[in-house]
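Each remark here refers to the structure printed beneath this line.
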Amino acid sequence: MRRTLSQSILLYATIVGAAIVILFPIYWLVITALASTDELSSLPPTFWPEAPDWGVFAKVISERPILTWLWNSTLAAIGAVSLSMLVSVAAGYSLSRFKVRGGHSMGMFILTAKMLPATLMVIPLFALFRSFGLVGSLWSVILAQATFIIPFTTWMLKGYFDTIPRELEQAAMVDGCTPLSAMFKVVLPISTPGLAATGLYAFVLSWSEYAYARTFLISEQGNWTANLGIAGMRGEYTSAWNEISAASIFVALPIIIIYIFLERYLVGGLTAGAEK
Amino acid sequence: MAKISIKDVHKNYGSLNVLKKFSLDIEDGEFVVLVGPSGCGKSTMLKILAGLEPASGGTIAFGDKDVTDLAPGDRDIAMVFQNYALYPHLTVAQNIGFGLKMRKMAQEEIDRRVADAARTLAVDTYLQRKPKDLSGGQRQRVALGRAIVREPQAFMMDEPLSNLDAKLRVHMRAEIGALHKRVGVTTVYVTHDQVEAMTMADRVVIMREGEIQQIADPDTLFQHPDSLFVASFIGSPGMNFLTARVADSGNGPVVKLFGAEATVAHHDVRGLSEVIVGLRPEHLSLGEGPVSFRVKPTLIESLGSEKYVYFSEGEHHASFSSRNEDENSKGLIARVSHTGTLPESDELVLSFNPENLYLFDPVTEKAI
Ligand SMILES: Nc1ncnc2c1ncn2[C@@H]1O[C@H](COP(=O)(O)OP(=O)(O)O)[C@@H](O)[C@H]1O
Ligand SMILES: [Mg+2]
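These protein sequences, in sequence, are chains A and B.
Just so you know, we're using the numbering used here here: the first sequence kicks off at 7 and counts up by one.
Just so you know, we're using the numbering used here here: the second sequence kicks off at -1 and counts up by one.
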């Protein structure tokens, strides 16, 4: 069906509108990083700084332990994502495939757990980690983040596994697989788009997490994650907003890079051909 | 290759009894077709045979070996699925060889057998393609290749042709038949299409609501249906059914049809005042015959060398439980050879030979 002119206009207007809403904060972040402090507070605001100061990025890297923070965030994310994926692949697959007693209410339980605010868990987790001597260690953040990432990823993966025809596993079992090897040799390889999307989502959740990091790591500067570090850059009386913005760009960059790298997996389409 | 014995197998899903006591002995090398309307339990029976579903009771043996509790991979069978279930991440060659690889066969032997199977099914030119780059017919062949390469004890096929278009379906039907003749492996084939069942099977098992209705070779099934259900399921266009009164002519029992009397001496109609009469459309002919009657056609369809004459059953209307509403009210059909023009407006004389009548008890719905 061909689009009429008015439909095309409506379509492009919507796309442009959405793009502006999404891109504006990024644009604002960039000009804030590049502008001088005076220019930032001028009214009306300028659309592009008159003398963009590109040196701010080098300054932030040399004067602040931003690379250490990024490294800590990376370690925490790798830990939280690995742990979450390990648990939720098994859980999501079971929920998708096996009719266990109470399986449905289990699904509802996970769904409800997703709706609880993470801050609700801070105090009990703090007490728990203190008794295990984990407070201040990245492990505390990894475990704490996993508690809210796992419900999300389990639900996403269950949804993905639901779309894979059971006949594929049945064919594999007739071909000599056990249920477990059918999962590893057939289901997981064709689930790469779902696994990549879920993993990326988990990574974003971990990377942008602040409340747990703030609570468990505040006393241990060497273990600060990037978000914690940036929050710490705000001075008591004045804040160097251009430096904070520059640091924020460094923190946002990995997510953008990973997204570009994984995009072709996210689109899916790998299961095409399994059925007629 | 082996004989398959199914004994008293039944299956419940919770309180839903989808398969009643099912017993069947399949000879070595036989091609058996399970046929019946959708939802009658055909796939369930096949999955139980393959070990993909546990039975709620009963036993299954391949040859002398009880396989009731064996895993699918230990039963030495191959299965072809309706949606083909090709592994989308593997090439055609890897798809065909997957089962051999799982059985730890040496790679050269796998390659040799995959090449053989691919040649047999004419898929050898796209061994390196992925399933998504194949047409429906090609995928179907790869699925068959995956089955034959294993040289299993038996093939299980669940509606393998129903995703193909009509022309390809007829073609693949013949190919599967030829394949079975060549490799001679015991085959259990599931379909809801009676034409597929009749053309391919050595023996047909007709099922309804989880129960076997009749087991017979296609010709017996066509000529001697046990029940109204079987009679109405087999044949195209389907058998005509009419309610008729039984009378005694003094010269043996007769049924009254369209004002004429037809002797039914070789049927045991004792104690019945009414029967359901079955008459195949091809057993009606144009013009006078042993029993003749006049009808006013409602529609005449020409198929070239023959014509379908539709007419109303009038007072002989028959409805019974194993036919649905639509079928119960579709009228009667005569399939007559005639090449000229037949005006719909004229009354016609139709006739039949009473020897071709089928009689059914209206209560038990069994043949008499
Ligand atoms: N896993 C299941 N749980 C509950 N009921 C099922 C299940 N699988 C099949 N059934 C029911 O069993 C009956 C027979 O199904 P099936 O064997 O697939 O029929 P067919 O292949 O003859 O169309 C149907 O009524 C179906 O709804
Ligand atoms: Mg079925």
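Glycine included, C-beta positions come from ideal geometry on N, C-alpha and C.
Burial check for residue 14 of chain B: the Cβ neighbour count within 10 Å stays below 16, so the residue is exposed. Under the DSSP definition of a beta bridge, residue 131 of chain B lacks any partner. A Cβ-Cβ distance of about 7 Å is found for the pair residue 152 of chain B and residue 185 of chain B, placing them in contact under the 8 Å criterion. At a cut-off of 7 Å, the beta-carbon of residue 41 of chain B counts as near ligand 2: some heavy atom of the ligand is closer than that.
By the Cβ rule, the region 64 to 80 of chain B counts as touching the region 163 to 182 of chain A, because three or more pairs are nearer than 8 Å. Comparing C-alpha distances from residue 260 of chain B to each of B/133, B/357, B/232 shows the shortest one belongs to B/357. DSSP places residue 8 of chain B in no alpha helix (DSSP H) but in the uninterrupted beta strand (DSSP E) bounded by 2 to 11.
The beta carbon of residue 82 of chain B lies closer than 7 Å to those of 137, 138, 141 in the same chain, with the five residues before and after it left out.
Close partners of residue 205 of chain A in chain B (Cβ separation under 9 Å) are lacking, with about 18 Å as the shortest Cβ gap. When C-alpha distances from residue 364 of chain B are compared across B/303, B/212, B/326, B/258, the shortest belongs to B/212. Cβ atoms of residue 25 of chain B and residue 63 of chain B stay farther apart than 8 Å, at about 16 Å.
Rounded to the nearest whole angstrom, the CA to CA distance from residue 235 of chain A to residue 24 of chain A is 31 Å. Taken atom to atom, the span from the alpha-carbon of residue 209 of chain A to that of residue 88 of chain A is near 10 Å. Shortest gap from the CB of residue 49 of chain B to any heavy atom of ligand 1: 7 Å or more. Less than 8 Å separates the beta-carbon of residue 59 of chain A from that of residue 40 of chain A. Residue contact check for residue 268 of chain A against chain B: no CB pair falls below 8 Å. By the criterion of a C-beta distance shorter than 8 Å, residue 304 of chain B is surrounded in its chain by 333, 334, 335, 336, once the five residues flanking it on both sides are discounted.
Boundaries cannot be given for residue 85 of chain B, as no alpha helix (DSSP H) includes it and DSSP labels it neither H nor E. Scanning B/49, B/240, B/255 for the CA closest to the CA of residue 290 of chain B turns up B/255. For residue 100 of chain B, the residues of chain A that pass the 9 Å Cβ criterion are 178, 181, 182, 183, 187, 191, in the order they occur in the chain. Taking 8 Å as the CB threshold, residue 201 of chain A stays off the interface with chain B. Non-local C-beta neighbours of residue 52 of chain A in its own chain, meaning closer than 7 Å and more than five positions away in sequence, comprise 45, ordered along the chain.
Spatial neighbours of residue 181 of chain B in its own chain (CB-CB distance under 7 Å, excluding positions within 5 residues in sequence) are listed in chain order as 146.
Of all residues in the region 128 to 147 of chain A, none has a C-beta nearer than 9 Å to a C-beta of chain B. By the neighbour-count criterion, in which 16 or more other beta carbons inside 10 Å mark a residue as buried, residue 157 of chain A falls on the buried side. DSSP places residue 151 of chain A inside the alpha helix (DSSP H), whose first and last residues are 144 to 168. For residue 187 of chain B, the secondary structure class from DSSP, reduced to helix, strand or coil, is strand. Not one heavy atom of ligand 2 falls within 7 Å of the beta-carbon of residue 25 of chain B. Residue 155 of chain B sits away from residue 202 of chain B, with the two beta carbons spaced by 8 Å or more. The beta carbon of residue 11 of chain B sits closer than 7 Å to at least one heavy atom of ligand 1. It is roughly 40 Å from the alpha-carbon of residue 139 of chain A to the alpha-carbon of residue 31 of chain A. Checking the DSSP bridge columns, you'll see residue 198 of chain A has no partner listed.
Under the DSSP assignment, residue 65 of chain A falls in the alpha helix (DSSP H) whose first and last residues are 61 to 69. CA-to-CA, the gap between residue 219 of chain A and residue 230 of chain A works out to about 7 Å. Residue environment for residue 27 of chain A: exposed (fewer than 16 other C-beta atoms within 10 angstroms of its C-beta). Beta-bridge pairing by DSSP links residue 155 of chain B to B/78, B/187.
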